[in-house]
Amino acid sequence: EDQVTQSPEALRLQEGESSSLNCSYTVSGLRGLFWYRQDPGKGPEFLFTLYSAGEEKEKERLKATLTKKESFLHITAPKPEDSATYLCAVPNQAGTALIFGKGTTLSVSS
Amino acid sequence: NAGVTQTPKFRVLKTGQSMTLLCAQDMNHEYMYWYRQDPGMGLRLIHYSVGEGTTAKGEVPDGYNVSRLKKQNFLLGLESAAPSQTSVYFCASSYDRATDTQYFGPGTRLTVL
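Quick mapping for you: the protein sequence lines, in order, are chains A and B. Last residue of the first sequence: 125 in our numbering, with the numbers rising by one and none dropped. Last residue of the second sequence: 641 in our numbering, with the numbers rising by one and none dropped.
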């Protein structure tokens, strides 16, 4: 069964305290891994797509990396405005839909 | 471009009532999706459409119907609402396949009493 698991469920950081979020998946024949950010009361906002092991993408304080079985979202020197829920998703084996993880809720305090 | 829009933003229904949620996109995307998001459950696909006039079932389709009469619109219907359908509903669209980036609307918060 295709699955996406994110850890931790929640993460509290102090401003400037770097950390990483994990997304592991079991779907075979990966056709992309997607990272989204979701603020309370809003829809998910696209951040990155990674397609092959070893690929990295960066946006401001965020860097996403991909291995054959998992992806990491590294947050460097976070700020309170980085507080949000981060979702990852992969296409199902049939390629008809995205399977989402349950997300990691990040809280950054000043 | 407005992207993906959803109406209404909030709705309260009584058990047994019916309603339709409207999703519109102005990006000329072929694929459109309806998800529901519940605490602890993540986003789950209800129905999707691969083009005008087509629909298909997702992971949790029971109790919902959809229609895609125009390429830019995707409607989600609840014929007889139940408290278990209390949720936040998101519409999304992607260019021409499910493995493309999906862009989401702002959501509809539905409460069924």
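Where a beta carbon is used, it is the ideal one built from N, C-alpha and C, also for glycine. Being a predicted model, the structure only gives us computed values, none of them experimental.
Comparing the C-beta of residue i with each C-beta of chain A, is any distance below 7 angstroms?
| i | result |
| --- | --- |
| GLY605 of chain B | no |
| PHE538 of chain B | no |
| PHE632 of chain B | yes |
| ALA530 of chain B | no |
| LEU573 of chain B | yes |
| GLY635 of chain B | yes |
Thinking C-beta only, is residue j closer than 7 angstroms to residue i?
| i | j | result |
| --- | --- | --- |
| GLN53 of chain A | GLY116 of chain A | no |
| ASN529 of chain B | ASP566 of chain B | no |
| LEU606 of chain B | MET547 of chain B | yes |
| PRO93 of chain A | LEU26 of chain A | no |
| PHE632 of chain B | GLY58 of chain A | yes |
| GLY568 of chain B | TYR576 of chain B | no |
| LEU88 of chain A | LEU48 of chain A | no |
| GLY579 of chain B | GLU558 of chain B | yes |
| LYS83 of chain A | ALA68 of chain A | yes |
Please report how far the alpha carbon of residue i lies from the alpha carbon of residue j, in whole angstroms.
| i | j | result |
| --- | --- | --- |
| PHE618 of chain B | TYR592 of chain B | 14 angstroms |
| PRO55 of chain A | LYS598 of chain B | 31 angstroms |
| GLN18 of chain A | VAL42 of chain A | 6 angstroms |
| THR614 of chain B | LEU102 of chain A | 22 angstroms |
| PRO634 of chain B | THR535 of chain B | 9 angstroms |
| CYS551 of chain B | ALA626 of chain B | 17 angstroms |
| PHE63 of chain A | VAL123 of chain A | 21 angstroms |
| ARG596 of chain B | SER33 of chain A | 45 angstroms |
In chain A, which residues lie with their C-beta within 8 angstroms of the C-beta of residue i?
| i | result |
| --- | --- |
| THR629 of chain B | PHE49, PHE61 and THR64 |
| TYR576 of chain B | THR111 and ALA112 |
| PHE618 of chain B | GLY58 and PRO59 |
Give the residues of chain B in contact with residue i, contact being defined as C-beta atoms less than 8 angstroms apart.
| i | result |
| --- | --- |
| THR119 of chain A | Near THR119 of chain A there are no residues of chain B at all, since even the closest Cβ is about 11 angstroms away, more than 8 angstroms. |
| ARG46 of chain A | THR627 |
Starting from the beta carbon of residue i, find every residue of chain B whose beta carbon is closer than 7 angstroms, and list them in chain order.
| i | result |
| --- | --- |
| PRO106 of chain A | ALA626 and THR627 |
| LEU113 of chain A | ALA626 and GLN630 |
At least one CB of chain B closer than 7 angstroms to the CB of residue i: is that the case?
| i | result |
| --- | --- |
| LYS74 of chain A | no |
| LYS78 of chain A | no |
| LYS83 of chain A | no |
Identify the contact partners of residue i in chain A, using a Cβ-Cβ distance below 7 angstroms as the criterion.
| i | result |
| --- | --- |
| GLY570 of chain B | PHE115, GLY116, LYS117 and GLY118 |
| GLY586 of chain B | ALA112 |
Complete runs of the alpha helix (DSSP H) confined to the segment 18 to 83 of chain A [at least 4 residues]:
none
Give the list of continuous beta strand (DSSP E) stretches no shorter than 3 residues that lie fully inside the segment 545 to 570 of chain B.
547 to 553 and 559 to 566
What runs of the beta strand (DSSP E), each 3 residues or longer, lie entirely inside the segment 85 to 113 of chain A?
85 to 90 and 99 to 106
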